[in-house]
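Below is one structure, written out as structure tokens, with a few remarks after it.
Numbering (my numbering), first residue to last: 2 to 212.
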């Protein structure tokens with residue numbers, strides 16, 4: 002009987018343990034609910050229900066998303082949903098080009114419904130996150146030099162989800178016409194904490210070419 006009691010307790014403990022598969026299933030539901038229902042991010046930003054398009058439709062629209070329909074394209078390689086708010090007025094990153102990019106961003110944790118980090122406020126208005134980026138045959142790699150993301154997560158690694166927009170935007174320096182996107186980034190393409198704890202984030206990011 003004592004052994005049976007121990008076995009029951011052990012099995013109950015196993016039931017309480019959430020597997021990686023369970024966490025991914027929960028994450029998919031949270032993303033689905035965010036897309037279906039939208040969300041109030043903060044006092045100035047509310048996301049309406051999202052219209053998801055595939056990459057073929059995105060390409061047929063000259064690699065743009067229609068804002069009046071609140072379109073986001075699902076990028077199948079990364080699982081990232083992307084909306085291009087503004088393509089910008091500069092140039093795309095050329096083959097084998099190394100560039101410095103200034104980013105202003107907001108990061109919203111879909112699991113906790115909270116703004117998790119941001120440099121897009123009065124406190125950080127003159128302090129964008131700075132990263133270096135290289136385009137090697139269409140593969141983009143980047144590292145943070147400084148900024149809130151680097152300090153928050155104690156790493157220079159740039160989330161893969163931040164880089165998916167780069168083939169489709171133009172990096173310029175004009176403050177009034179910067180490239181700007183919104184992203185839903187699953188944990189697999191997210192920052193280090195998102196990968197460790199299996200949660201997705203919504204981002205609004207602007208990209209400016211550095212000097």
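Quick reminder that beta carbons are idealized off the backbone N, C-alpha and C, glycines included.
In this structure the segment 43 to 57 does not touch the segment 123 to 130; the number of beta carbon pairs closer than 8 Å is below three. For residue 181, the enclosing beta strand (DSSP E) covers residues 180 to 186. Shown here, residue 20 sits in coil according to DSSP, grouped into three states, outside any helix or strand.
For residue 31 and residue 112, the gap between their C-alpha atoms comes out near 7 Å. Here the alpha carbon of residue 102 sits roughly 11 Å from the alpha carbon of residue 180.
The Cβ atoms of residue 143 and residue 159 sit closer than 9 Å to each other.
Within the segment 16 to 80, complete alpha helix (DSSP H) segments of at least 4 residues are found at 21 to 38, 56 to 61, given in chain order. The closest CA to that of residue 207, considering only 57, 114, 201, 105, is found on 105. Within the same chain, 85 come within 7 Å of residue 65 by CB-CB distance, once the 5 residues on both sides are set aside. Rounded to whole angstroms, residue 75 and residue 36 show a C-alpha spacing of 11 Å.
Note: residue 83 is bridge-paired with 74, 184 in the DSSP secondary-structure output.
Rounded to whole angstroms, the gap between the alpha carbons of residue 117 and residue 83 is 19 Å. Counting along the chain, residue 136 sits inside the beta strand (DSSP E) bounded by residues 130 to 137.
One alpha carbon belongs to residue 79, the other to residue 110, and they sit about 18 Å apart.
Residue 120 is bridged by DSSP to nothing; it lacks a bridge partner.
In summary, residue 22 is exposed, with fewer than 16 beta-carbon neighbours lying within 10 Å of its beta-carbon over all protein chains present.
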